[in-house]
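Worksheet: the structure to be examined is printed underneath.
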Ligand SMILES: O=C(C[C@H]1NCCC[C@H]1O)Cn1cnc2c(c1=O)CCCC2
Ligand SMILES: [Mg+2]
């Protein structure tokens, strides 16, 4: 089947599902909530991983690998850490047709897997800081509707787990990691994000505070949590007895962080940049950045055409560009144009007989459709320049669109109007949890679903003395970003 059968602004859910399938990013699988990551999307994960792995190693983090399975005792060690999540935990209860003595959980996250060892390995301040990360998969038996990359029962992520002698050190790292997450979104995926702190209600229950990068999908008007970096305080140290002897010979608890970014990043990128012709891949993460499509004519065919096409590919590769050609003779050039537009390749390189004769090519941008003729001896530089321009333009376009979807309000009526106009809402808030509960109840109308606080942006607008909470009328403490979300 060629091309999408539904438009992005007609039926977003349908558009997205068809796009990630026809774009050859995923395929379906017979275990519900699980998807196959095909090379076209796995390659994007590898690019994200290469960047992030290099950067966390610069911060002194080392990679390790812990078991997939968690004992029931370890998992339920801390009550409020797991109780809220218990329904999502997957259990192994049998081997063959024999029941296991004790059921074993499949890791939904690895705090309870790793921290008993942390307690063993950390004895003195000389054992600190301890910084271990895992690139792995986790399983959460979600009940909400599964969506490729956005919500699946198994997903890939990295989970960093660090321990420090002081809170100050932990606080610094929380923000260093959060900025790496911002870079993944803005510098690689060309998706703008807002940095902020989660409310007490929305933070990770086992932690002290949660910082987050929040993304936004204009088509649905929904916010989406991009990645989180938590300071756990000493809560897990207390639960797992992770203490050390400080320089004054006192036995004190460590200060910990945990931070994670998942394959959800890929889904957000598809949702933000995709259009009615298909994927629009930011060059930094595109598995193929330029695709050469020769246009055969009587004298420009066979060997001559193949060699010319190969030569253009090697010019591009020589410039460090991920390039390939499509010389399949079973498909026409128009068919190929559609195919590679569907797969979101940033640059198309057309090579017809006249181009060949004059040693030119025609470059076509996937994001704007703009075309330009370029001489072969200018191709390497021009192609790289165009790829950088596309990367920058995608981020600027998405940022402009996202900023246009943030409404600043001061009262409930304005709040609901903005929400129903598919916007995120910036509102002065008294920082009381029952107001969040109230808003959740009152904003849950038919199709939209409830609104929640997405974060308190670090970048706070001025809050004049006497400003009232948009909902409770009590003195507002800070600006909060609210929205319907995934
Ligand atoms: O996973 C985290 C916290 C933390 N885990 C490590 C990476 C960063 C951060 O996400 C929160 N969380 C979410 N979801 C679940 C759990 C859970 O702890 C535990 C039980 C199953 C579902
Ligand atoms: Mg969850």
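Residue numbers (this note's numbering): 19 to 504.
For every residue, glycine included, the Cβ atom is placed at its ideal position computed from N, Cα and C.
If you're wondering where the values come from, they're calculated on a predicted model, not measured in any experiment.
- The region 198–244 is shown to contain whole beta strand (DSSP E) runs of 3 or more residues at 212–215 and 227–235, in chain order.
- DSSP places residue 324 in the helix class (H, G or I) of the three-state scheme.
- At least one heavy atom of ligand 2 sits closer than 7 angstroms to the Cβ of residue 158.
- Taking 8 angstroms as the cut-off, the Cβ atoms of residue 126 and residue 182 do not count as close.
- Inter-residue distance for residue 241 and residue 501 is about 6 angstroms (C-alpha atoms, whole angstroms).
- Taking 8 angstroms as the cut-off, the beta carbon of residue 300 is found closer than this to the beta carbon of residue 412.
- In the DSSP assignment, residue 123 falls within the unbroken beta strand (DSSP E) covering 116–124.
- For residue 283, the Cβ stays outside the 7 angstroms cut-off from all heavy atoms of ligand 1.
- For the pair residue 497 and residue 478, the Cα-to-Cα distance works out to about 6 angstroms.
- In this structure, the alpha-carbon of residue 490 lies about 45 angstroms from that of residue 89.
- The DSSP assignment places 365–369, 378–383 and 389–393 as complete runs of the beta strand (DSSP E) inside the region 353–412, in order along the chain (cut-off: 3 residues).
- Per DSSP, residue 131 is one residue of the alpha helix (DSSP H) stretching across 129–139.
- Remark: the shortest separation between the CB of residue 126 and any heavy atom of ligand 1 falls under 7 angstroms.
- Under the DSSP assignment, residue 178 falls in the beta strand (DSSP E) whose first and last residues are 172–182.
- Here residue 54 is exposed. Its C-beta has fewer than 16 other C-beta atoms within 10 Å.
- DSSP lists 175 as the bridge partner or partners of residue 280.
- In this structure, ligand 1 has a non-hydrogen atom nearer than 7 angstroms to the beta-carbon of residue 103.
- Secondary structure of residue 466 (DSSP, three-state): coil.
- Cα atoms of residue 388 and residue 27: separation of roughly 23 angstroms, rounded to the nearest angstrom.
- Rounded to the nearest whole angstrom, the CA to CA distance from residue 75 to residue 276 is 15 angstroms.
- Looking at the DSSP output, residue 436 bridges to nothing.
- The C-beta distance from residue 219 to residue 228 rounds to 11 angstroms, too long to fall under 8 angstroms, and the pair is not in contact.
- In the structure shown, residue 315 adopts coil according to DSSP, grouped into three states.
- In the displayed model, residue 81 falls within a strand according to three-state DSSP.
- When DSSP states are grouped into helix, strand and coil, residue 339 belongs to the coil group.
- Contact between residue 131 and residue 85 holds: CB atoms are separated by about 6 angstroms, below the 8 angstroms threshold.
- Residue 172 has its Cβ no nearer than 7 angstroms to any heavy atom of ligand 1.
- A distance below 6 angstroms between beta-carbons, with the five flanking residues on each side excluded, links residue 378 to the following residues of its chain, in chain order: 391 and 393.
- The alpha-carbon separation between residue 362 and residue 304 amounts to approximately 8 angstroms.
- Under the criterion of beta carbons closer than 8 angstroms, residue 430 and residue 495 do not qualify as touching, at roughly 18 angstroms.
- For residue 343 and residue 59, the gap between their C-alpha atoms comes out near 20 angstroms.
- Taking 8 angstroms as the cut-off, the Cβ atoms of residue 424 and residue 444 count as close.
- Apart from sequence neighbours up to five positions away, the residues of its chain that approach residue 105 with a beta-carbon distance below 8 angstroms are 159 and 161, ordered along the chain.
- Counting along the chain, the unbroken alpha helix (DSSP H) around residue 91 starts and ends at 90–93.
- Secondary structure note for residue 34: it is in no beta strand (DSSP E), and the uninterrupted alpha helix (DSSP H) holding it is 30–40.
- Short of 6 angstroms from the beta carbon of residue 188, and not among the five residues preceding or following it, lie these beta carbons of its own chain, in chain order: 182, 249, 273 and 275.
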